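Keeping their order, the protein sequence lines are chains E and S. 850 is the number of the first residue of the first sequence in my numbering; add one for each residue after it. 850 is the number of the first residue of the second sequence in my numbering; add one for each residue after it. Working notes, structure below.
There are 2 protein chains.
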Amino acid sequence: MNIKQSIKQNKLEPLFTQAIFGIEKESQRILSDGTITSTNHPACFGNRNFHPYIQTDFAETQMEIVTPPLDKVEKVMNWLAAIHDVSLRTMPDDEYLLPTSSPLFMPHEDDIQVAKLDNEADVAYREYLVDVYGKRKQMVSGIHYNFEFQPKFVHALYDNEQADVSFKDFQSKLYLKLAHNFFRYQWILTYLLGASIEAKPEFFKNEERPDDIPAGLIRSIRSSKYGYVNNDDVKVSFESMEAYVDTIEKMVAEDKLIEEKEFYSTVRFRGGKNAREILKNGISYLEFRLLDLNPFAEFGIAEEDMRFIHQFLMYLIWIDEDATEAELEIGKEMNFATSFENPLEHSSYELEGKAILNGVSDMLKQLNLSDDIVQEKLKAFDNPELTLAGQLALIYNQGNYIEWTIKTAISNKEAALERPYALRGFESMELSTQILIYDAIQKGLHIEVLDTEDQFLSLKYKDHLEYVKNGNMTSLDTYISSLVMANKVVTKKILAKNGFIVPDSMEYHNAEEAFRDYGLFNNKRFVVKPKSTNYGLGISIFKEGASEENYRKAIEIAFEEDSAVLVEDFVPGTEYRFFVAGNETKAVLLRIPANVVGDGTHTIEALVNMKNEDPLRGKNHRTPLTLIELGKIEQLALAEQGYVMTDVPSEGTTVYLRDNSNISTGGDSIDMTEEMHETYKEIAVGIAKAMGATFSGVDMMIPDYTKPATEAEPGYGVIEANFNPAMMMHIYPHEGKGQRLTLDVLDLLFPEMAVKGDQS
Amino acid sequence: MNIKQSIKQNKLEPLFTQAIFGIEKESQRILSDGTITSTNHPACFGNRNFHPYIQTDFAETQMEIVTPPLDKVEKVMNWLAAIHDVSLRTMPDDEYLLPTSSPLFMPHEDDIQVAKLDNEADVAYREYLVDVYGKRKQMVSGIHYNFEFQPKFVHALYDNEQADVSFKDFQSKLYLKLAHNFFRYQWILTYLLGASIEAKPEFFKNEERPDDIPAGLIRSIRSSKYGYVNNDDVKVSFESMEAYVDTIEKMVAEDKLIEEKEFYSTVRFRGGKNAREILKNGISYLEFRLLDLNPFAEFGIAEEDMRFIHQFLMYLIWIDEDATEAELEIGKEMNFATSFENPLEHSSYELEGKAILNGVSDMLKQLNLSDDIVQEKLKAFDNPELTLAGQLALIYNQGNYIEWTIKTAISNKEAALERPYALRGFESMELSTQILIYDAIQKGLHIEVLDTEDQFLSLKYKDHLEYVKNGNMTSLDTYISSLVMANKVVTKKILAKNGFIVPDSMEYHNAEEAFRDYGLFNNKRFVVKPKSTNYGLGISIFKEGASEENYRKAIEIAFEEDSAVLVEDFVPGTEYRFFVAGNETKAVLLRIPANVVGDGTHTIEALVNMKNEDPLRGKNHRTPLTLIELGKIEQLALAEQGYVMTDVPSEGTTVYLRDNSNISTGGDSIDMTEEMHETYKEIAVGIAKAMGATFSGVDMMIPDYTKPATEAEPGYGVIEANFNPAMMMHIYPHEGKGQRLTLDVLDLLFPEMAVKGDQS
């Protein structure tokens, strides 16, 4: 098949450049002295039986991070970042992830704990591996790069080829070609990206460094013939799928392999449980297994290398060549040889390497794509110190290797902890959604982002699928309950009917009608507000009644904002937000307007700047709290209290910079979950139930939260209920204990998982 | 208690003018010859055991229409209109409601069917009444006017009075005063509103007109001592609640009354099952029972009379006077005497009547309210022919009474049938909500309009309460399913995952990105559209591929409407709307663009005008179909087909006035529910299920609706699913059978009612 020609003739370039990627990355959990930890895989990660993202490889300490298949390299990098954030923040405080493939210090065989899995077959398989290969070799970690061409591309190729084979066979042939050429040229990746440069005696079974390994550093012990390879008597053909199936089954039948998955090849066919099933289904994608961890990349693989490998793979089917079995063997030998090279010396195959990379560059130009990355890689052929092994060798030769590696591990963990409320890779989404994804990754739910802008996720546990929008809009709420809460008048009618205390309220559709009812309010405490606005606009509060003139003015102001106006009893007390989830109030929050507390030394301006240094404060709803501004509104608020910005308030004096208590204008959130009297929490649950809501943010005015609510003295008034209550402010409050509401959401959505029971 | 003074001092005027009203209106079902029908109460009204709005009084033919308690006279009139619409449209075609209190032709005793109720006690009570009073007297119908002061008003009075009685006793006293003064002055209402002018022999038990009834016409036989009154030996005191309870219980104990409700008084205390319970609870409202049907008012009582009675009742507590037991007796006698007066003669108590009405007028002026209605009533004292009885007498004396009454009955029914899709009284709401209310009234659900503008209802059957917005937003749908449907991209992803055929689609966030992918589409049929707009704006359809220039233009146009643009496979076929409710596709609709069919004679303009005469066509979504316009867009559409408005299309030629098929721009709706192949209906149900939706409007493109959908040839493509699908166009289509989807909504919401099983 002349793929290049078919792509050009049929304008398949955009489809050809699309692909589906997935990364599996193993790494050892270490302590700050560089030794491998002895703790178990954290229980908080849920069960490895089903966890899609955080697994263990051979050893209990060898954490494996697995991304889902994704259609963009950026997405893979985002997922790697996110799973690393979850892993690193969940691990014990004194543990880090080793950034290199090889352990800095190889433990004694006896100290290596094989992964403690539930599944007996998995355990038995690992025990067999211990027998055959020893434990130490298995302690070396790497990256698996899963790759699938865009299925539409393969279909288009097939349609245009008019081949007389089935689509499945056609597809398998395409991937066979890719595998063949990969074996032939994989040495290029080992040259550029090999990064396990030590061949220490402890690595080998007999604790002796074999003689055929050159002295000093090498490019990659893991990709060498002493890496994770089968015995020489294991021979599997890649000529055709049929030949592959026949030979691998023969190896198992002859006990040369205990099972098919013991066949360690740098390329694996995927698309079924075993080879015969792949033969039936066709190869659906390939797994490339020869990559070492890139210690310079925070997540074990650099984005430009992911892209480079993609371009390299595209090139391997773009060319006419399809390597023969003999050429495959040559390629494998070239790879072994490359792995043994001195990292700071030129490649023995420099000319072939450059020719191939120039070919990749040429292809990219024909596809109107940038070849910048390939040009960088070409430079590494002239400058071996630019390869990963080369860079590591320079560090090693300076005697800093261990120190540098540990420092890197620590700084990677620090990066994950820097903004503990955010989830890297998903930072364009709302904070609540970021935290929900964090928890879902931790617990092992299958997550799909259906729409980033719309905060739309699907979450799945076994066969149980749930959709979630904005963190807590779910199937647990009915459509009508959200509509009830969205309508203040309906909310109040329903709550009043159900016996809850709501402010008495009149609704007007024109000012004249409202003017006439002045007598209803003149000597009461009341509030005039537009029916549907939510941002405090057009609201007048009369805490001691109002003159007719002021009443009329307030009505007119409110009608400027809406065509319907409410005149409502003023409810005394302090406003608290109750977050109800199901049958419980899970969090209670007091919000107070933006403020600073004087110290007798600093100006208000300085105090604000000091308060704003809190890493929880930021802008644009991407932090749990908001920076306090010093604009006109704040200066007006100061003026009302008799201050200017340059005043120095006395010690302990609270100065407010806002009248409103919104978190989005710099307000402080104070968790009151434990302090609030239980009776009010029960009332909040009842309010949510009356509206049929599972998740609701109930706002109540309460004069004294320590006094129980009784029938005779209810002690509260409901302001409103919110159908999309913010969770963030409860999770990371300014003061008090954070309440992990996202876990409550998951717990209610997936009761069968016992999400919160797993919490450690 | 000096109420007038308390109102003035405490500015209670706005509260004093508020009240809660309810009307019960009996009337006989008659045939077009004026005789009472012999059919049963229609089964379609559901069960009288619980029906809150449509009941039967004494006789099976005596329909009773009951409004809920409402806080505005307008609302009562709206409900009366609505229940009349439901009653008149549901009754057999040849039946009408008699607009007068007295039957035109009194049936033989044997032909009168007592109401066929399920409840044994109800039946026994009616049998007892037959024994004691005979059947005929009970065939006379009237209006009960239920009245409650605004509870806040009574509380405010109580708070200001600082009386040393409990609030309940205070409230009872207030209503006792109202009752006393009502008895004293009720004759005024009989004078003005009495309207049962015949005292025919058939009315009396012995078929002899008693001698003490004056010859000729009278004001009200129903309010006379031959009306529905107890024997003379029934004596009940109204002096206090205690006296009332003692005496009425004594009457029952002495077998002078079979039970308390046999006590026929023009005023009844309400607030408990029996007198003793009312004593305990306090009187909560009064029922005034002396009104005849007003045959000049479409619904038995005129709005101005409802208002007049309200003003009259206000006056009865405004005045200091509290009639004594002796005065009560005088009042009753004056009422009997008034009822026997000649309708065209002046009242014997003209002076007192005018004095009272002038008092009402004076009160209204002090309250800054209009006294227009009272002034009209005052005129009726100078001109007896202006009273209801006077007007009727004029008709009677012209010999047209029977004819006029029948004509009125027929024209009232015609008025109810004029706009069969709309529900009078609720016409400011959306049509779907109007029809849902219609069905809910018919079936006997308790309905409360929680928010008119927001189309928010509560519906209740026994203890089962449901909220409904916009006709089909309910608790049966989850919040997330509506959000899934609201997001086209998410919808498509979910449907594709579930194996449904959706057009392949790419989403772009900037034009450059989209331009690059031209190759993906160039030789395919495709559509370019903004991600979120719904109104056809910015959409380009390429049915035969597109040049790169046109592709780029289309992308740019779409980006003018939205920040995200979809490029989607064009799906061939005709678009159908499937309305899914639960496990069934309940309706299928084909929508075709506004069009006319030529007849070889008329111009396009004339054809449009002729088509627009269909009463189903109107404006502003208040009719099932929309008027076809003849504006710029229509002229452009004509020009595309080579027409101008003055052209005369040949017979049978269809000329389109629009490219789009929206009903809101004059499109035709054609019901295809029966024609559509069952397989597509099942697919629509599956689509709704995949999104977790109970109610969904699924839009599918289908090339051939007669051919079954098969796995090999699906024969459809899903365009989108709507979470608030219009029901109206299915219920009243332009062509084909209407599908009563509102009944399906009720059926799913209240399965225990078997709503559709009751359908007749």
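The beta carbon of each residue, even a glycine, is placed where N, CA and C say it ideally should be. Remember, it's a predicted structure, so these values are computed and weren't measured experimentally.
From what residue to what residue does the alpha helix (DSSP H) around residue i run?
i	result
Gly1535/S	1527-1539
Asp1288/E	1280-1292
Pro863/E	862-865
Asp1596/S	1590-1598
Ile1482/S	1481-1489
Which chain S residues sit within Cβ distance under 8 Å of residue i?
i	result
Asp1614/E	Within the shown structure, residues of chain E are numbered from 850 to 1609, placing residue 1614/E beyond reach of any answer.
Glu862/E	Gly1368
If we define contact as Cβ-Cβ less than 8 Å, is residue i a contact residue for chain E?
i	result
Pro1498/S	no
Leu1332/S	yes
Asp1220/S	no
Arg1156/S	no
Arg1365/S	yes
For chain S, check one thing: does any of its Cβ atoms lie closer than 8 Å to the Cβ of residue i?
i	result
Gln1608/E	Low local confidence applies: a pLDDT of 44 at Gln1608/E is under 50, so the model's placement there is unreliable, and no value is given.
Leu1308/E	no
Leu1299/E	yes
Asp1303/E	yes
Given a cut-off of 8 Å, decide if residue j and residue i are closer than it, judged by their beta-carbon atoms.
i	j	result
Ala1539/S	Leu1344/S	yes
Tyr1077/S	Tyr1034/S	no
Val1465/E	Leu1474/E	In the sequence as displayed, the identity of residue 1465/E is Leu instead of Val. Yes, they are a contact pair.
Ser1045/S	Ser951/S	yes
Residue i touches chain S at which residues, Cβ-Cβ below 9 Å?
i	result
Gly1065/E	What Gly1065/E touches in chain S: nothing, since even the nearest Cβ is about 48 Å away.
Specify, as a first and last residue, the run of the beta strand (DSSP E) that residue i falls within.
i	result
Gln904/E	903-905
Leu1216/E	Unbroken run through Leu1216/E: none, as it is neither H nor E.
His1313/E	1313-1318
Thr1135/E	Reading the sequence as shown, one finds Leu at residue 1135/E and not Thr. Looking at the DSSP string, the run of the beta strand (DSSP E) that includes Leu1135/E is 1134-1141.
Glu1047/S	It is not in any beta strand (DSSP E) - Glu1047/S carries neither H nor E in the DSSP assignment.
Thr1503/S	1503-1505
Gln877/S	868-879
Arg1117/E	1116-1119
Asp1517/E	1517-1520
Leu1439/E	1433-1441
In chain E, which residues lie with their C-beta within 7 Å of the C-beta of residue i?
i	result
Asn1371/S	Lys860
What residues of chain S sit near residue i, judged by a beta carbon separation below 7 Å?
i	result
Tyr1316/E	Ile1329, Val1333
Val1338/E	Asp1300
Using the beta-carbon of each residue, which ones in chain E are nearer than 8 Å to residue i?
i	result
Met826/S	Nothing in the structure corresponds to residue 826/S, since chain S is present only between 850 and 1609.
Quick one: list the residues of chain C neighbouring residue i, beta-carbon separation under 7 Å, in chain order.
i	result
Lys1342/S	Within the model displayed, chain C is absent; protein chains E and S are what it includes.
Show which residues of chain E have a CB atom less than 9 Å away from the CB atom of residue i.
i	result
Gly1541/S	Tyr1316, Ser1324
*Would you check if the stretch 1557-1569 of chain E and the stretch 1349-1361 of chain E touch, i.e. whether three or more CB-CB distances between them fall below 8 Å?*
Verdict: yes, contact present.
*Is the number of C-beta pairs between the stretch 1020-1040 of chain S and the stretch 1186-1201 of chain S that are closer than 8 Å three or more?*
A contact exists between the stretch 1020-1040 of chain S and the stretch 1186-1201 of chain S.
*Take every Cβ of the stretch 862-875 of chain S, pair it with every Cβ of the stretch 999-1008 of chain S, and state whether three or more of those distances are shorter than 8 Å.*
Output reads yes: the stretch 999-1008 of chain S touches the stretch 862-875 of chain S.
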